[in-house]
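Student: One structure follows; several queries about it will come next.
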Amino acid sequence: MTSNILNGGQVIVDYLVREKVPYVFGLCGHGNIGLLDALFERKSDITTISTHHETVAGFMADVYYRVAGRPVATFTSCGPGSANLPIALGNAFLDSVPFLAITGNVPTSQFNRGAFQELYRHYQADFPSTVRAYCKHVFQPTRGDMVPLAVRQAWKTMVTGRPGPVVLDVPFDIFKEAAAEETPDPREWSANISSRCGADPEGVTRAVDMLLAAERPVILVGQGVRYGGATAELLALAQRLQIPVASSASGLGAIPAEHPLALGLVSRGGVYHANHAARQADVLLALGVRFDDRTSSSWLPGYSFTIPPTKLIHVDIDPNEIARNYPVALGLMADVRTFLRQVLAELDSRKSLGDRAAARKKWLDAIAGYRKEWDALVASGFTDDATPINPQRAAHEIDRALPEDAILVSDIGVHHNWLLQFCKPKRPDSLIGSMGFGPMGFGVAGVLGAKLAAPDRPCVAVVGDGAFFMHASVLGTAIEYELPVVWVVWNNYAYASIRGLQRGYLGGRELATDFKHPQTGAPYNPDFAAMARAAGVEGVRVDRPGDLADAVRAALASGKPYLIDANIGADKNPGGAGVWELPGHGVSAPVIGGRYQP
Ligand SMILES: Cc1ncc(C[n+]2csc(CCOP(=O)(O)OP(=O)(O)O)c2C)c(N)n1
Ligand SMILES: [Mg+2]
347 MTSNILNGGQ
357 VIVDYLVREK
367 VPYVFGLCGH
377 GNIGLLDALF
387 ERKSDITTIS
397 THHETVAGFM
407 ADVYYRVAGR
417 PVATFTSCGP
427 GSANLPIALG
437 NAFLDSVPFL
447 AITGNVPTSQ
457 FNRGAFQELY
467 RHYQADFPST
477 VRAYCKHVFQ
487 PTRGDMVPLA
497 VRQAWKTMVT
507 GRPGPVVLDV
517 PFDIFKEAAA
527 EETPDPREWS
537 ANISSRCGAD
547 PEGVTRAVDM
557 LLAAERPVIL
567 VGQGVRYGGA
577 TAELLALAQR
587 LQIPVASSAS
597 GLGAIPAEHP
607 LALGLVSRGG
617 VYHANHAARQ
627 ADVLLALGVR
637 FDDRTSSSWL
647 PGYSFTIPPT
657 KLIHVDIDPN
667 EIARNYPVAL
677 GLMADVRTFL
687 RQVLAELDSR
697 KSLGDRAAAR
707 KKWLDAIAGY
717 RKEWDALVAS
727 GFTDDATPIN
737 PQRAAHEIDR
747 ALPEDAILVS
757 DIGVHHNWLL
767 QFCKPKRPDS
777 LIGSMGFGPM
787 GFGVAGVLGA
797 KLAAPDRPCV
807 AVVGDGAFFM
817 HASVLGTAIE
827 YELPVVWVVW
837 NNYAYASIRG
847 LQRGYLGGRE
857 LATDFKHPQT
867 GAPYNPDFAA
877 MARAAGVEGV
887 RVDRPGDLAD
897 AVRAALASGK
907 PYLIDANIGA
917 DKNPGGAGVW
927 ELPGHGVSAP
937 VIGGRYQP
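Every position in the sequence shown, counted from 1, becomes a number in the numbering used here once 346 is added.
Structure below.
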């Protein structure tokens, strides 16, 4: 007898297809064979990509969204398979990136019996406790007929408000249990919901009054601008009122780095003109930014910001981030793009705005002077010919080799700090990094998600030697799915960012932070290029700075997965105009300027 009833797995897969999800990334286990079976039936509608580590699948889903602007899903098994996922969930959660994590669990009939891979010692089938702190919400349908509601609510929760990952934890039998005759229709449950709330209109008027009265205004952008699709509006406002735009690390590229009003990075490791302008601002308009410790020089006044007396206008879709770290002159809960449109409309309605360029000249001239000082400070690093390669030169050579539409995904470590300082992102997704959770491997794996999201764009990952070794299984995935990505392994033979802390804060007492040959004490690493070749990936070694840009170009031109093992020095740390405090250990010193005192 045939039946119209779909089982739980089929409803989930059908819902993903209806949401036009092109891919699921994951790794099998006995806990998710029911889901795989449903995916098998829909092979022509949704592509399943099997990775060699669950965290890799999660990072791929994360970066897929950062590039495509649309979420995908992951699948992992019960027990250890899904326990490999929280790192990726935490990363997505803290950077406000949605993906749907479909995790398997043990059969409902075996709950609390201690079946194979059940987490049961505190509560039955307790994967939800594992991920409670790592995602927006966990759904755990325990009957087939609960699946339609769970899947549609999970999707809606993930994409509305401040986006974030959601877990759909499905017991083994529920994938196969009868669920529904019809799958929920996204047009009813998610597609027609807008979270683009505007700001309180009186607040908009006040914001415009404050911006017009300001003598030293600065706009600070975070990733809310990128994800809100607000780059055109940002540019319009900046140009109209001639306000310079500084960025948190996640906001870089919101306006092109070479735009005259672009200041670049505000951070402990940020450039002088950005930090020195932001900390002198009389009005700071912060758009979708969290003010974490790295952006804010550990909140020590006078380095990145001086709030107060700077009057802060803080706009964010999540009111929890407003007034978390700094007092606000005006806090507005709003979608950044809607807010900017409100501001532009309010400006249209004001009679005469006067000559903004003339009014702003003094402020912009002063900033141009700070920029000159910074440029002079860093100039020599661009031409250093030494081997191992000077890291500033390396960042510059990689950046200049990238075409306009390239996507560079960074991993976590000292290389990321160099890239943030010396790359010149042209688009909001030119330079992708993790700023909240910061897990090693994000870039190693994430670049595969970038390539799937943008097959026609060159995709390059710059990754630490430590992180690459941790997640080298990606080589196989790139071959199996023909993903022509380029990894530049920033090979400094160390967990160098952490060794830098031992050198900077602990008097050079180094332990467990470098890779050495046991007999000779010489720097040790596997031969990464040979490792790549063993997996079928092209691999080359670069020792001279002058060869790096050409190597990146050749790798991109090859149209194949490619690894460049770049021998890069670790004795220099990227200095910035801000500072970082490690409580109990002290505060770093800025490399230029000092503490600004109003
Ligand atoms: C999964 C994980 N483990 C540990 C850390 C702590 N950590 C941050 S950076 C870093 C060193 C990374 O070394 P490498 O990948 O070689 O990058 P480098 O700093 O040398 O550029 C470590 C261990 C982390 N962020 N993520
Ligand atoms: Mg390293």
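Glycine residues also receive a C-beta, built at the ideal position from the N, C-alpha and C atoms.
Could you please give me the residues that DSSP links to T393 through a beta bridge?
Tutor: T393 pairs with Y369.
Student: Fully enclosed by the region 660–720, which beta strand (DSSP E) runs are 3 residues long or longer?
Tutor: Counting whole runs of 3 or more residues, the region 660–720 contains the beta strand (DSSP E) stretches 676–679.
Student: According to DSSP, what are the bridge partners of F485?
Tutor: According to DSSP, F485 bridges with L514.
Student: Can you tell me whether DSSP reads Y908 as helix, strand or coil?
Tutor: Here Y908 sits in strand by DSSP.
Student: So if DSSP puts G885 in a beta bridge, which residue, or which two residues, is it bridged to?
Tutor: DSSP, once it has assigned bridges, lists L909 as partnering G885.
Student: Helix, strand or coil: how does DSSP classify L928 here?
Tutor: L928 falls in the strand class under three-state DSSP.
Student: Quick check: is any heavy atom of ligand 2 less than 7 Å from the C-beta of Y841?
Tutor: At least one heavy atom of ligand 2 is nearer than 7 Å to the Cβ of Y841, so yes.
Student: Select from D628, S644, F439, I601 the residue whose C-alpha is nearest the C-alpha of P929.
Tutor: The option with the nearest alpha carbon to P929 is S644.
Student: Indicate whether H468 and V512 have their beta-carbon atoms separated by less than 8 Å.
Tutor: The answer is no: Cβ separation not under 8 Å.
Student: What's the C-alpha gap between M347 and E365?
Tutor: For M347, the predicted model reports a pLDDT of 43, less than 50, meaning its position is unreliable; a value from the coordinates is still stated below. Each residue's alpha carbon lies about 30 Å from the other.
Student: Give me whichever residues DSSP pairs with V808 in a beta bridge.
Tutor: Answer by DSSP bridge pairing, in chain order: S756, V834.
Student: How far does the alpha helix (DSSP H) with I844 in it extend, from its first residue to its last?
Tutor: 842–851 is the span of the alpha helix (DSSP H), which, as asked, contains I844.
Student: Starting from F457, trace the alpha helix (DSSP H) in both directions and tell me its first and last residue.
Tutor: Element bounds for F457: n/a, residue is neither H nor E.
Student: Is the region 819–832 touching the region 774–786 in the sense that three or more CB pairs, one from each, lie closer than 8 Å?
Tutor: They do not touch, by the three-pair rule.
Student: Is it the case that the Cβ atoms of Y942 and H622 are separated by a distance below 8 Å?
Tutor: Yes, the pair counts as a contact, with Cβ atoms nearer than the cut-off.
Student: Cα separation between V452 and F518?
Tutor: Approximately 5 Å between the Cα atoms of the pair.
Student: Hey, would you say V617 sits closer than 8 Å to A923, going by beta carbons?
Tutor: Yes.
Student: How many angstroms separate the CA atom of L748 from the CA atom of P547?
Tutor: Between L748 and P547, the C-alpha separation is close to 43 Å.
Student: Work out the CA separation of R739 and K697 for me, nearest whole Å.
Tutor: C-alpha separation (whole angstroms): 50 Å.
Student: Please identify the residue among A704, V550, L607, V661 whose C-alpha is closest to the C-alpha of S695.
Tutor: Of the candidates A704, V550, L607, V661, the one whose C-alpha sits nearest the C-alpha of S695 is V550.
Student: Do the region 474–492 and the region 429–440 touch if we need at least three Cβ pairs shorter than 8 Å?
Tutor: A contact exists between the region 474–492 and the region 429–440.
Student: Give a yes or no on contact between the region 649–666 and the region 628–640, applying the rule of three or more CB pairs nearer than 8 Å.
Tutor: Yes, the region 649–666 is in contact with the region 628–640.
Student: In whole angstroms, give me the CA-to-CA distance for A592 and S455.
Tutor: About 56 Å.
Student: If you draw a straight line from the C-alpha of I653 to the C-alpha of I668, how long is it?
Tutor: Distance between the alpha carbons of I653 and I668 is about 14 Å.
Student: Measure the Cβ-Cβ separation of N837 and G615 and say whether it is below 8 Å.
Tutor: Not closer than 8 Å, so no.
Student: Which complete beta strand (DSSP E) runs does the region 395–442 hold, if anything under 3 residues is left out?
Tutor: If we require 3 residues or more, the beta strand (DSSP E) runs fully inside the region 395–442 come out as 419–422.
Student: Please go through the same chain and pick out, in chain order, the residues whose beta-carbon is closer than 7 Å to the beta-carbon of G715, but skip the five residues on each side of it.
Tutor: Result list for G715: empty, nothing under 7 Å.
Student: Shorter than 7 Å, the distance from the beta carbon of I358 to the closest heavy atom of ligand 1, or not?
Tutor: No - ligand 1 has no heavy atom lying nearer than 7 Å to the Cβ of I358.
Student: Is G946 near ligand 2, going by C-beta to nearest heavy atom under 7 Å?
Tutor: Residue 946 lies beyond the residue range present for the chain, which begins at 347 and ends at 944; the question has no answer from this structure.
Student: Pick out whichever of H931, G932, V925 has its Cα sitting closest to the Cα of D639.
Tutor: Comparing Cα positions, the closest option is V925.
Student: Is V937 a contact residue of ligand 1, with contact defined as CB to any heavy atom under 7 Å?
Tutor: No, since every heavy atom of ligand 1 falls outside the 7 Å radius drawn around the Cβ of V937.
Student: V370 and V418 look like a contact to me (Cβ under 8 Å); what is the Cβ gap, rounded to whole Å?
Tutor: Their Cβ separation, rounded to whole angstroms, is 7 Å, which keeps V370 and V418 in contact under 8 Å.
Student: Among P891, I448, A526, which residue has its Cα nearest to the Cα of I744?
Tutor: Minimum Cα distance to I744 is reached at P891.
Student: Please return the same chain residues whose Cβ sits closer than 6 Å to the Cβ of P920, not counting the five positions on each side in sequence.
Tutor: Result list for P920: G615, N763, W764, Q767, in chain order.
Student: Give the secondary structure of P891 by DSSP, where H, G and I count as helix, E and B as strand, and everything else as coil.
Tutor: Residue state, collapsed to three classes: helix.
Student: Measuring straight from C-alpha to C-alpha, what distance separates G599 and K797?
Tutor: So the two alpha carbons sit approximately 19 Å from each other.
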